[in-house]
């Protein structure tokens, strides 16, 4: 069984927030959604926004491994300064023994990434609510405390809201809490090593029910997704089996599975970089029912 390490530094969230901004996935899956994107667009300078359209920036999520290797206090500013001074050979050394080569785009974009990180920090990240970073740091401590009472696979599934990783080839998983991609996780595979940026749920000072609970019930609003849940009740199934049952096109099924996964209703079983199969997480149904009842019956408005 692999070992787990918990980590957190503000530099992780700097990278994750930028990666989320350039993400072209369906934003309705995520809790921040299109409203966040519009607000950030209003803050960013037009010239900077243009530079973020570079398709090579997909390599951004791989920077998490470098944040882990950054020495000292890993604030955005300190990380950017350290990253700026890295030579190609030092970039490679930082990724050993988990990679055989540094991604070509990362080398080509090195100087440009330094500029992007600096501008993103100045125009957006340094202005975010400090409570977000405090909550992330606290969650990392809370999850680390679970290492003494839960096995590795259970901690990964609990943290990621439904990802099960079982592979003899994996030696270590780095778990890092993140806010911007909630309720989804960002996973990167290396040789024997995985970085997993898992979502946290912030406490909300509002009379409305939590976004995570609302997202759960929204995920049940489509009969195709209900059919997927029903088909998983009896057994664990592959994507191909679910496609045959639902008669959906691959792209549509991927979307429905993403909705169910982000709601924590199904478990995604990984033995490699791909999801091998899916199973039902009945415990989520009980949990969300209890949260809804608790919200409805509490006296405070």
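Residue numbers (the numbering used here): 19 to 319. For glycine and all other residues, C-beta sits at the position ideal for the given N, C-alpha and C.
Is residue 88 helix, strand or coil when you go by DSSP? coil
Please state the DSSP three-state secondary structure of residue 280. helix
What does the alpha-carbon distance come out to for the pair residue 191 and residue 33? 19 angstroms
May I have the straight-line CA-CA distance separating residue 110 from residue 84, to the nearest angstrom? 10 angstroms
Candidates 73, 69, 77, of which the one nearest residue 204 by Cα: 77
If you scan the segment 208–296 from start to end, which runs of the beta strand (DSSP E) of 3 or more residues do you find wholly inside it? 211–217, 284–288
Residues in the same chain with beta-carbon distance under 6 angstroms from residue 183, minus the five sequence neighbours each way, listed in chain order, please. 174, 288
Would you check if the distance between the CB atom of residue 154 and the CB atom of residue 218 is smaller than 8 angstroms? yes
Please determine if the segment 224–234 and the segment 99–109 are in contact, where contact requires at least 3 C-beta pairs separated by less than 8 angstroms. no
What are the start and end residues of the alpha helix (DSSP H) that includes residue 141? 128–141
Would you say residue 70 and residue 48 are within 8 angstroms of each other, going by their C-beta atoms? no
Which of helix, strand or coil does DSSP assign to residue 196? strand
Residue 92 to residue 210 span [Cα, whole Å]: 25 angstroms
Could you spell out where the alpha helix (DSSP H) holding residue 21 opens and where it closes? Here residue 21 belongs to no alpha helix (DSSP H); instead the beta strand (DSSP E) covers 21–24.
In the DSSP assignment, what are the bridge partners of residue 206? 213
Sequence-distant residues of the same chain with beta carbon closer than 8 angstroms to residue 231, five excluded per side: 306, 309, 310, 313
Are residue 24 and residue 162 closer than 8 angstroms when you measure CB to CB? yes
So, residue 133 versus residue 58, is the Cβ gap smaller than 8 angstroms? no
Of the residues 105, 66, 29, 165, the one placed nearest residue 82, counting alpha carbons only: 29
Reducing DSSP to helix, strand and coil, say where residue 185 ends up. coil
Does residue 161 come out as helix, strand or coil in the three-state DSSP assignment? helix
Between the C-alpha atoms of residue 321 and residue 137, what's the straight-line distance to the nearest angstrom? Because the chain here runs from 19 to 319, residue 321 falls outside it and cannot be looked at.
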